[in-house]
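Please read the structure below before turning to the comments.
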Amino acid sequence: MPESKSISLLVPSELSSQQQNLQAQIQQIVSQKGHFRHVTEQSLRIDIQGKKSANDPLTADAPASAQDDKDDDETPQKHQERLWKRRDEMLERLSYAQNEVLCALDFVSLLISKQSVPAQSSMSPALKEAVPIGTLATHVLQNKAPSAALRKQLNLASQGWRSESFKFASEKLSKASTKLKAEAEKESKYWAQIADLTARGWPVSRLPRDAKAIGVHFGFPEATQQFRDRGFALLRQLDDGTVSLDIPRRRRRLGVSITRGNKTTGMFHFREIMKDQDTNIDQQITEARDSLFEEELFYEISREARSTANQGITTRGQHIEIALDAHSKLSLLFGEDNGSNESMSPQDNETAEFVGTSLRLLLNAMHEQNLARRSQRPPVMTLKPRPIPEYALIRPVIGHLRHRTQLSALLSYCNALIQPFAKAGLPITLETKEFSAEVFKSLKIESSAAILADLVLPAKTALELTLTGGRRMQIGLATFLGSPLYGSRFETSEVDFEFAIAPFSQHETFEAFTMFVRHALLLNLVAHIASLATKSATKTRNTDHRDSRNWKVSSPHIGELTLWEAGEAIKKIQVAVHAHSISVKLTPKPTHDAPKHIMWSWTTQGSSKADSSGVARAAGMKFDDVVINEILGQT
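When the letters of the sequence shown are read in order and numbered with my numbering, they come out as residues 579 to 1213.
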């Protein structure tokens, strides 16, 4: 749309008769040009250039010349249409202005037509026909002094209105005073609670983006970033002036339960959550802190569970299951406390409490390790982001639980294994001892800090198996779900049986360890029989120098001793150690009148003797008596 052609006329300002002072000039400049802080060199140059252009006629005509050049480029038809359109607009505006002027003239003429006859000539014919001449007149009214009664009435009315206004103002001021007092009490109550929070140790600060908002820091500064940033909430003022935490209420905790078979036998929740809604601000902040801590705890446990799924850990949403053994499992559920530990096993309740408390203590320890790491010299910067390792929370706890399970199985098996020895009168005992460097010399794992060292380090138990002949075998059990164990390890010390040496051994499975213990007990029985045979042979040589018979250990690893005479084996003794019994079998050189073999055995129920005629129970039969009297005495 082409612009309308117009001429701007600059009206010069009149000079003031009196010189303005500097303050007035500054105010005038600020009101006209704006504040001085917005004045730049470029804006001044533009202002000076604009004044020069307005004073220079050549410059002022430049836009017109440019418009003329633009008009010259138009076709004659368009130029003619634009001129006629401008002409119609100008005539329309002139007609409107003429109508307004004629209406004003008719009004003035009608007003003075009664006093002035010539004014009738300036009236329009339409007005003369519509309105009679002289019907519109003017009068000058003089102010009439009111009477005394009216003045009294007016004074009474004004006093009434004034009294009503004062009463209304008094009520309004009273309401404002009451409201101000209530607001002051609310503010006093609000700031008193803020001061109480600060006195209790909660850090309170303002928001950088909103100076009027006040918040409290309740998170843990050494937590991961996503939980550290969420440890801040605003403190809102309620209608009664009390302080409320501006975050949604979360009542979720990490619960621990133990299931044996398909029945829950133990349960623990860290703390009973208050159900009262009217808790004070300190309890609200404490609850928010605990909820955030519990959420971080479950998050870190879930991260660790995904990386250690090969240890029998299963994750399903808000539920984590950990297999302790073939018949029991540990469950971690993140939610509300809806369970009850009534009518459950006290031992399993204590185990669940141990797990729940240990997990929280370990997370606190990880926070302290983060603080210690952050206080050290930072590592060299690299382009690759450093991965954040998972916290060791589940692994130490599961390691101790599985260690206890393995230790219970070990003690049960060994006690059942040595009971037949007790029935046989052999002094073999199993005792728990202090940790021995000889047993755990291959396990060199130290804690990086003294925080929960007993829980973070591998679980260790040392046992001592006392054998016959003053021999002792150290047994060690260590469990750790990390390098270098990744499970349980059984270690046994070296034992010298004279004819054979049981070396220091490491066993990765329980079955391998039990086989080794049975073999060590077998070698011990062979060594015991060999010592009894040596003593018996010494007595025989003292009485009969012509006796050339001698017992020798022929195959110790299968428990076999042989009686040699003139280079010929005439008798054999074979010892066997089973899971619940021990036995000694005498096999003489086969003859027509001698039995083929005789076997003596001891179990937890007693002792028995078996030969070709049958099996007979022999109550009170001892191992040494059988060897000395029944076996060596027949030699």
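Note that beta-carbon positions come from the ideal geometry of N, C-alpha and C, so glycine has one too.
Item: Buried or exposed, going by whether 16 or more other CB atoms sit within 10 Å of the CB of residue 1006?; Value: buried
Item: Straight-line CA distance for residue 1127 to residue 1196?; Value: 29 angstroms
Item: Beta-carbon within less than 7 angstroms of residue 807's beta-carbon, same chain only, minus the 5 sequence neighbours each way: which residues are those?; Value: none
Item: Per DSSP, residue 775 is paired with what?; Value: Its beta-bridge partners do not exist; DSSP assigns none.
Item: What is the rounded straight-line gap between the Cα of residue 776 and the Cα of residue 929?; Value: 38 angstroms
Item: Can you grab the Cα-Cα spacing for the pair residue 1049 / residue 966, in whole Å?; Value: 51 angstroms
Item: Classify residue 1010 as helix, strand or coil using the three-state DSSP reduction.; Value: strand
Item: Verify whether the separation of the beta carbon atoms of residue 1088 and residue 1072 is less than 9 angstroms.; Value: no
Item: Who are the Cβ neighbours of residue 899 in its own chain at under 6 angstroms, not counting the five residues just before and after it?; Value: 892, 907 and 909
Item: Please state whether DSSP places residue 551 in a helix, a strand or coil.; Value: The structure shown does not extend to residue 551, since the chain is modelled only from 579 through 1213, so no value can be given for it.
Item: Assuming contact is defined by CB atoms lying nearer than 9 angstroms, are residue 873 and residue 830 in contact in what I supplied?; Value: yes
Item: Would you check if the distance between the CB atom of residue 753 and the CB atom of residue 818 is smaller than 9 angstroms?; Value: no
Item: With 16 as the cutoff for other CB atoms within 10 Å, does residue 674 come out buried or exposed?; Value: exposed
Item: Indicate whether residue 805 and residue 866 have their beta-carbon atoms separated by less than 9 angstroms.; Value: no
Item: List in chain order: all unbroken beta strand (DSSP E) runs of 3+ residues lying wholly within the region 777-860.; Value: 782-784, 792-795, 810-815, 821-823, 831-838 and 841-847
Item: Does DSSP put residue 959 in a helix, a strand or coil?; Value: coil
Item: Which residues share a DSSP beta bridge with residue 1195?; Value: 1186
Item: If we ignore side chains and look at the alpha-carbon of each, how far apart do residue 1113 and residue 840 end up?; Value: 59 angstroms
Item: What does the Cβ neighbour count give for residue 771, buried or exposed, with the cut at 16 atoms within 10 Å?; Value: buried
Item: Based on the DSSP secondary-structure assignment, which residues constitute the bridge partners of residue 1050?; Value: 1044
Item: Entirely within the region 874-943 and at least 3 residues each: give me those beta strand (DSSP E) ranges in chain order.; Value: 891-894, 897-901 and 906-913
Item: Would you say residue 970 and residue 833 are within 9 angstroms of each other, going by their C-beta atoms?; Value: no
Item: Just curious, the alpha helix (DSSP H) that residue 603 is in, first and last residue?; Value: 600-611
Item: So who's on the other strand from residue 1177, going by DSSP bridges?; Value: 1163 and 1188
Item: Less than 8 angstroms between C-beta atoms, sequence neighbours within five positions excluded: which residues of the same chain meet that for residue 652?; Value: 660
Item: I'd like to check one pair, residue 1156 with residue 1057: are the Cβ atoms closer than 9 angstroms?; Value: no
Item: Below 9 angstroms between beta carbons: does that hold for residue 1206 and residue 1153?; Value: no
Item: Determine which residues share a DSSP beta bridge with residue 1139 and list them.; Value: 1131 and 1151
Item: So if DSSP puts residue 1038 in a beta bridge, which residue, or which two residues, is it bridged to?; Value: 1056
Item: Where does residue 1070 fall in DSSP's three states?; Value: strand
Item: Using CA atoms only, rank isn't needed, just tell me which of 601, 784 and 801 is closest to residue 812.; Value: 784
Item: Just checking my contact of residue 1075 with residue 1091 at CB under 8 angstroms: how many whole Å lie between their CB atoms?; Value: Not quite, the Cβ-Cβ distance comes to about 19 angstroms (not below 8 angstroms), so this is no contact.
Item: Based on Cα-Cα distance, which residue from 1140, 1077 and 1085 lies nearest to residue 1054?; Value: 1085
Item: Helix, strand or coil for residue 742? Go by DSSP, reduced to three states.; Value: helix
Item: Report the option in 693, 702, 654 and 691 whose CA atom is closest to the CA atom of residue 677.; Value: 702
Item: On a Cα-Cα basis, can you pick out the residue from 999, 700, 755 and 886 that is closest to residue 681?; Value: 700
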